[in-house]
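First the structure, in the form of structure tokens, and then the observations on it.
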Amino acid sequence: MEFTVSQIAELLNGEIEGDGTKKVSRLDKIQDGAEGGISFLSNMKYEPYIYSTHSTAVIVSKDFSPAKPINTTLIKVKDPYSGFTQLLEAYAQFTKRAKTGVEEPSYMDSSSKIGEGGYRGAFSYIGKDCKIGNNVTIHPQTYIGDKVSIGDNCIIHAGVKIYNDTIIGNNCEFHPNVVIGADGFGFAPQEDKTYKNIPQLGNVLIEDNVSIGANSTIDCATMGSTIIKKGVKIDNLVQIAHNVIIGENTVIAAQAGISGSTEIGKSCIIAGQVGIIGHLKIADNTTIGAKTGISKSINKPGQTFFGYIGFEMKEFLKSYSIFKNLPSLQNKIKDLEKKQ
Amino acid sequence: MEFTVSQIAELLNGEIEGDGTKKVSRLDKIQDGAEGGISFLSNMKYEPYIYSTHSTAVIVSKDFSPAKPINTTLIKVKDPYSGFTQLLEAYAQFTKRAKTGVEEPSYMDSSSKIGEGGYRGAFSYIGKDCKIGNNVTIHPQTYIGDKVSIGDNCIIHAGVKIYNDTIIGNNCEFHPNVVIGADGFGFAPQEDKTYKNIPQLGNVLIEDNVSIGANSTIDCATMGSTIIKKGVKIDNLVQIAHNVIIGENTVIAAQAGISGSTEIGKSCIIAGQVGIIGHLKIADNTTIGAKTGISKSINKPGQTFFGYIGFEMKEFLKSYSIFKNLPSLQNKIKDLEKKQ
Amino acid sequence: MEFTVSQIAELLNGEIEGDGTKKVSRLDKIQDGAEGGISFLSNMKYEPYIYSTHSTAVIVSKDFSPAKPINTTLIKVKDPYSGFTQLLEAYAQFTKRAKTGVEEPSYMDSSSKIGEGGYRGAFSYIGKDCKIGNNVTIHPQTYIGDKVSIGDNCIIHAGVKIYNDTIIGNNCEFHPNVVIGADGFGFAPQEDKTYKNIPQLGNVLIEDNVSIGANSTIDCATMGSTIIKKGVKIDNLVQIAHNVIIGENTVIAAQAGISGSTEIGKSCIIAGQVGIIGHLKIADNTTIGAKTGISKSINKPGQTFFGYIGFEMKEFLKSYSIFKNLPSLQNKIKDLEKKQ
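Chains D, H and U are the protein sequences, given in the same order. Numbered by the numbering used here, the letters in the first sequence go through residues 1 to 340 in order. Numbered by the numbering used here, the letters in the second sequence go through residues 1 to 340 in order. Numbered by the numbering used here, the letters in the third sequence go through residues 1 to 340 in order.
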């Protein structure tokens, strides 16, 4: 996309000094600025760059007056750093929501309803009796089953599959190929050693402001709901099993897995490749280090766990540092035995 | 879906006491029952709820006679619990197979043949020379390559990709975005440090009653077949490499990975995030605990392995409990050294 | 596919002895050869099989003259083994590129350009302002966003999603459901314990001859590029976070994860389920064993790391062997304490 400097000044509620009709289409660092880019000057130790930058425009403080001639257009705002951040966000949102309307061929059952202002990409599929809010961006090749409810302002990226009866709040973003609401892994062993499928009849409930990373999977509940509470952020390739509950504002990094019926508290931080077994409760504000295995409930909030079978992180690191020296410890014991 | 109470009574071979024309569309617990739901009463300690429940219908035993007035329709069957289970299964199957016929646009090469009674969703793709059985449910956005053979009664969920020459038995279910038959990971190192692709010319062979979870990957063999035997149940995000063989009725939990040419026996239980290196044999009835790494073949059936480099579980747990106390062990050695 | 023996002889620059009009459609081992197959004889200890094989044709050395009557057609070449390998590769390439032209329905924005000789499968999507080279095989249900650049001879399998601004070199292969260029996992904690999305404005840059396995994810950079250098081979279900750089000819096995901004050197071997934390540098020619966690930069090239928190592999294995015997070590200490 391309914007005029005036359009950006208007967005940032700033004043122009220079040529507002010039066009920019890129965000630059001031020291690397080139024609067609916009950068910012906040920390004054970068001031020298403004006299040499090739950026078409630079966001500066209201108070800034150049000490030498400049070759760029200034946009003067109250706080140039937060102005630039605002621009980053607007840019990202704009890019993600650049498309509107309906591309064909796409499929939507006539019983389903969708709000205004959104986008439905080619080869997207919406089943029966769905209710989808306003400004929902549905990328190509997404699947939305039957009786799915989706709030406003969600972004559903290409290849996402959302199964029947899923309920989704507002402002959620699901990255490509996420699977929501597939069957939980439940099989009853039979006498002949085969397994019989246990029907998975529940759904997934996702509250507002949830983000789920590419190729992650959130299984539906056996009965009731698998629940992802508001503000949860989940990275790529994460597994959330049936009937799990993830508390508000908890963050889960890539390739972690949470087994069935486990309940994670609020504001937890779960690092990459963590595994948590089923039917546990993890207290609020728990931090779990990368690759940790959790095999027991954590009742006291605010602790940090780490280790193959996780325990308090500092304790684990002490034990592990001795583990690294086990050969010398063994030698000491041999020496002691000899000296007896 | 909505059913009349009569329709359900017929399915369960039960007798109606009350209004059989009422409609139900949901399964409830008797204590939480609400209008439009059906629940069951098996354990008589729940009897009091039947006098207050708002469920539209309740499945009860043939022998049950209410001691007080009731506001619900009874369906009297021989065994209410197994009747309810039967209903759960029927409901799940019905939901999964609710759609029939062909949605457009979809793609099927004219050389491929498909049996009766199934469903092909919009944007599904079937290549050349495929043979697909009866009652196969092919959800939207699935890809079935060339010369793929699929038995009867399979369910292939949205986004599943099945590559050329794959052979699949009856009653299999593949959850969304599963990939079957992509190239194995085989590269020959060259003198200039680059790698040359080793052609992966084999296929995947999946027997009857296999279930594979969302976003799991089953690679084709280099030559010959990667084989998933009958009754195997695989969870989400599992990796099965080229030329692996998984024995009958083995269960593999989420995020586990089996490396190339390893052969797993029958009725094994492989927990989440397990990793097994290549070219091993794992005996029948082996249990492998979560996050375990297996680096050697397991020849004796029926053992339980656990640990970073797995060994017998109880032994591992003993060692690990001492590991947790290594700081005190180290102190003891220091004391002994001092006292010499 | 089916070829005449003459066509294969021409491909291999060989001479025919026997009936060149016969047809073959399969590669066999000489000892298992059957009608319609082609096999080879290189190691002369297999010579006896050539007199009994049912293969329709056998590739042999120029110098070979049968000592007894044979029932097969010979293709005489300089080196039968490399001839057979050449055939394997030709067969694999042929299979992968068997389809050409455009299947409908497919979607390509009119602003995008694509070279000659390729394939665009049904339900594939190409957004705005893309530049795609010659002989690019784009399987069904792939998504290519806006301003994506793809070189020549790439194979993009079914369900792959490539997001905006990704730049891809020549001869790359992306297996089914790979996701390239989805948002990195970046969230800024706010005072009210919620997280605010950090715009991910960078892209992914993939050089020539890169292979990425099914369901792997390569996130875009926050700013700048996530870079996969030439010759890198990545297996299934691998996570590459934002701003990671992977050096030339490095190999990464299934389910490994590389956290944000880490830079991996050239010709490294990273085994399955490895986890590497963010902002590290890993030296060239480093080998990292399966399931290893890497928490510090590795500066010296050519080392082998292993372990839960990885260190030099031999050292780890020594410590681990003592770990297995910790119960006996503990007993020795108890004995020493008693004997004081």
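All residues carry an ideal CB built from backbone N, CA and C; glycine is no exception.
Residue of the options minimising C-alpha distance to residue i
| i | options | result |
| --- | --- | --- |
| E35/U | N71/U, I227/U and V238/U | N71/U |
| T222/D | E207/D, A241/D and A214/D | A241/D |
| I265/U | I126/U, I276/U and G247/U | According to the sequence shown, residue 265/U is Gly rather than Ile. Among I126/U, I276/U and G247/U, the Cα nearest to that of G265/U is on G247/U. |
| L27/U | K196/U, I8/U and G117/U | I8/U |
| T53/H | S65/H, K45/H and G33/H | G33/H |
| T4/H | K22/H, L12/H and I227/H | K22/H |
| D183/H | M313/H, N203/H, E191/H and K193/H | N203/H |
| R366/H | S111/H, S106/H and K193/H | No answer is possible for residue 366/H: it lies beyond the span of chain H, which begins at 1 and ends at 340. |
| T56/U | L74/U, Y49/U and G14/U | L74/U |
| F123/U | N135/U, E116/U and M108/U | M108/U |
| S110/D | A271/D, T226/D, F185/D and I126/D | I126/D |
| C342/D | I298/H, D219/H, L201/H and G213/H | The structure shown has nothing for residue 342/D, since chain D only spans 1 to 340. |
| N169/H | K193/H, N135/H and K281/H | In the sequence as displayed, the identity of residue 169/H is Gly instead of Asn. Considering only alpha carbons, the answer is N135/H. |
| H157/U | K147/H, I167/H, I180/H and H139/H | I180/H |
| N13/D | S25/D, Y46/D, I59/D and N197/D | I59/D |
| G117/D | T100/D, K128/D, E104/D and C130/D | T100/D |
Residue i: contacting residues in chain U (beta-carbon distance under 8 angstroms)
| i | result |
| --- | --- |
| S267/D | K193 |
| V341/D | The first residue shown for chain D is 1 and the last is 340, placing residue 341/D beyond what the model contains. |
Endpoints, alpha helix (DSSP H) assigned at residue i
| i | result |
| --- | --- |
| G83/D | P80 to K96 |
| P189/U | First-last for P189/U: F187 to P189, but that is the beta strand (DSSP E), not the alpha helix (DSSP H). |
| V5/U | V5 to L11 |
| S124/D | Premise fails: S124/D is in no alpha helix (DSSP H) and is neither H nor E. |
| S319/U | M313 to K324 |
Same chain only: Cβ atoms within 6 angstroms of residue i, ignoring 5 sequence neighbours per side
| i | result |
| --- | --- |
| I132/U | I114 and I150 |
| N171/U | N153, D208 and N209 |
| S345/H | Nothing about residue 345/H can be reported from this structure: the residues present for chain H run from 1 to 340 only. |
| I155/D | K96, T137 and E173 |
| I228/D | I206, V210 and I246 |
| G231/H | N209, E248 and N249 |
Residues near residue i by beta carbon distance below 7 angstroms, same chain, minus five either side
| i | result |
| --- | --- |
| G159/D | Q141, T142, P176 and N177 |
| Q273/U | Q255, A256, A290 and K291 |
| P189/D | Y195 |
| G293/D | G275, Y308, I309 and G310 |
| V102/H | R120 |
N- and C-terminal bounds of the beta strand (DSSP E) containing residue i
| i | result |
| --- | --- |
| E17/U | E15 to E17 |
| I206/U | N203 to I206 |
| Y49/U | Counting along the chain, Y49/U falls outside any beta strand (DSSP E), though it belongs to the alpha helix (DSSP H) covering E47 to I50. |
| S225/D | S225 to I228 |
| S295/D | S295/D -> no beta strand (DSSP E), and no H or E assigned at all. |
| S61/H | A57 to S61 |
| T304/D | T304 to F306 |
| D219/D | T217 to D219 |
8 angstroms Cβ shell around residue i - same chain, five flanking residues per side excluded
| i | result |
| --- | --- |
| S61/U | L41, S42, K76, V77, K78, D79 and P80 |
beta-carbon residue i near the ligand GTP non-hydrogen atom, thresh 7 angstroms
| i | result |
| --- | --- |
| I298/H | The ligand GTP is absent from the structure shown, which contains no ligands of any kind. |
Neighbour list for residue i in chain H, Cβ cutoff strictly below 8 angstroms
| i | result |
| --- | --- |
| K332/D | I333 and E337 |
| G257/D | L237, A254, Q255, G272 and Q273 |
| Y91/U | P199 and L201 |
Residue i: contacting residues in chain U (beta-carbon distance under 9 angstroms)
| i | result |
| --- | --- |
| L41/D | Result: empty, since nearest Cβ-Cβ is about 17 angstroms, beyond 9 angstroms. |
| L12/D | Result: empty, since nearest Cβ-Cβ is about 15 angstroms, beyond 9 angstroms. |
| I277/H | A271, G272 and A290 |
Contacts that residue i makes with chain D (C-beta to C-beta distance below 9 angstroms)
| i | result |
| --- | --- |
| E103/H | Y107 and Y125 |
Residue i: contacting residues in chain H (beta-carbon distance under 9 angstroms)
| i | result |
| --- | --- |
| P301/U | Under the 9 angstroms cutoff, chain H gives no residues; its nearest Cβ is about 13 angstroms from P301/U. |
Chain D residues whose Cβ lies nearer than 7 angstroms to that of residue i
| i | result |
| --- | --- |
| Y308/H | Y308 |
| T95/H | N164 |
Contact set between residue i and chain D, taken where Cβ atoms lie within less than 8 angstroms
| i | result |
| --- | --- |
| Q340/H | L336 and K339 |
(request) Please name the residues in the segment 151-165 of chain D whose beta-carbon is closer than 9 angstroms to at least one beta-carbon of chain U, in chain order. (result) H157, A158 and G159
(request) Below 7 angstroms between beta carbons is the criterion; list the residues of the segment 133-150 of chain D that meet it against any residue of chain H, in chain order. (result) Q141 and Y143
(message) For the segment 108-127 of chain U, list every residue whose C-beta sits within 9 angstroms of some C-beta in chain H, in sequence order.
(response) G121, A122 and F123
(request) Quick one: which residues of the segment 202-236 of chain U get their C-beta closer than 8 angstroms to a C-beta of chain H? List them in chain order. (result) N209, S211, G213, A214, N215, G231, K233, D235 and N236
(message) So if I threshold CB-CB distances at 8 angstroms, which residues from the segment 280-293 of chain H count as touching chain D?
(response) A290 and K291
(request) Give, in chain order, every residue of the segment 57-89 of chain U whose Cβ lies closer than 7 angstroms to some Cβ of chain H. (result) L88 and E89
(request) Anything in the segment 313-333 of chain D with a Cβ closer than 7 angstroms to a Cβ of chain U? List those residues in chain order, please. (result) Y320, F323, K324, L326, P327, Q330 and I333
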